[in-house]
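Engineer: Per this note's numbering, residue 5 is the first one in the sequence shown, and the count goes up by one each step.
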Amino acid sequence: MNTPVNPYQAPKASVGDIHDGLNTSGGGKDAVIPEGVKGWSWGAFLLNWIWAIGNKTWIGLLALVPYIGFIVAIYLGIKGRELAWRNKEWDDLEHFNRIQKRWSAWGVGLIIVPALIGILAAILIPMFNR
Numbered sequence: 005m006n007t008p009v010n011p012y013q014a015p016k017a018s019v020g021d022i023h024d025g026l027n028t029s030g031g032g033k034d035a036v037i038p039e040g041v042k043g044w045s046w047g048a049f050l051l052n053w054i055w056a057i058g059n060k061t062w063i064g065l066l067a068l069v070p071y072i073g074f075i076v077a078i079y080l081g082i083k084g085r086e087l088a089w090r091n092k093e094w095d096d097l098e099h100f101n102r103i104q105k106r107w108s109a110w111g112v113g114l115i116i117v118p119a120l121i122g123i124l125a126a127i128l129i130p131m132f133n134r
């Protein structure tokens, strides 16, 4: 049985035709994700809504909503790098990875530094109260 062809439909291309080392960043939900993009993002998980604004991933603003914020943070941690690739234009994969590593370093740093200051304060304050 022959299926009628819509002459106004855009031609279909296979994934291999689309991604030949081309920069597909900023291509929206249909953008091809190259090797090296997928993976956990500490920056997206820990700095969720701030990271979302910086990476034009507006769904991350749902992290500000009480009760679902933690779920959104986990989702961003898992899928954030892919969302950032699709939603923002990057110079190349190296540029993308460099910026995402900075986000992760800031996220981890903003958790570790206050924790260390708190531990140090918990140790030193009782010493000076004697």
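Built from N, CA and C at the ideal position, the CB exists for glycine as well.
Using only the alpha-carbon positions, how far apart do I121 and G47 sit?
Structural biologist: Start at 1 with the first residue of the sequence shown, and residue 121 comes out as number 117. Start at 1 with the first residue of the sequence shown, and residue 47 comes out as number 43. Spanning the two alpha carbons is a distance of roughly 21 Å.
Engineer: Just tell me which of N10, Y12, F49, V9 has its CA closest to the CA of Q104.
Structural biologist: Position 100 of the sequence shown holds residue 104. Considering only alpha carbons, the answer is F49.
Engineer: Tell me the residue span of the alpha helix (DSSP H) that contains K105.
Structural biologist: In the sequence shown, residue 105 corresponds to position 101, counting from 1. 97 to 132 is the span of the alpha helix (DSSP H), which, as asked, contains K105.
Engineer: Given a cut-off of 8 Å, decide if E86 and I54 are closer than it, judged by their beta-carbon atoms.
Structural biologist: Indexing the sequence shown from 1 puts residue 54 at position 50. Indexing the sequence shown from 1 puts residue 86 at position 82. Their beta carbons are not under 8 Å apart, which means I54 does not touch E86 by this criterion.
Engineer: Ordered along the chain, which non-local residues of its own chain (more than five positions away) have a Cβ less than 6 Å from that of P109?
Structural biologist: Taking the first residue of the sequence shown as 1, we reach residue 109 at position 105. Per the sequence shown, residue 109 should be read as Ala rather than Pro. Result list for A109: empty, nothing under 6 Å.
Engineer: Please name the residue in P130, I63, R90 whose C-alpha comes closest to that of K42.
Structural biologist: For the purposes of this step, residue 42 is identified with residue 38 of the sequence shown, where counting begins at 1. Cα-wise, what sits closest to K42 is R90.
Engineer: Am I right that T61 and A88 are in contact with their C-beta atoms under 8 Å? What's the rounded C-beta distance?
Structural biologist: What you label residue 61 is simply residue 57 of the sequence shown in a count that begins at 1. What you label residue 88 is simply residue 84 of the sequence shown in a count that begins at 1. Sure, about 6 Å apart at Cβ, within 8 Å.
Engineer: Assuming S45 contacts K92 (C-beta within less than 8 Å), just tell me the rounded distance between them.
Structural biologist: The sequence position of residue 45 within the sequence shown is 41, counting from 1. The sequence position of residue 92 within the sequence shown is 88, counting from 1. At roughly 13 Å, the Cβ-Cβ gap does not stay under 8 Å, so S45 and K92 are not in contact.
Engineer: From this set, L68, I116, G58, which residue's C-alpha is nearest W94's C-alpha?
Structural biologist: Position 90 of the sequence shown, counting from 1, holds the residue named residue 94. Out of L68, I116, G58, G58 has the C-alpha closest to the C-alpha of W94.
Engineer: With DSSP collapsed to three states, give me the class of P8.
Structural biologist: The residue labelled residue 8 in the question sits at position 4 within the sequence shown. P8 falls in the coil class under three-state DSSP.
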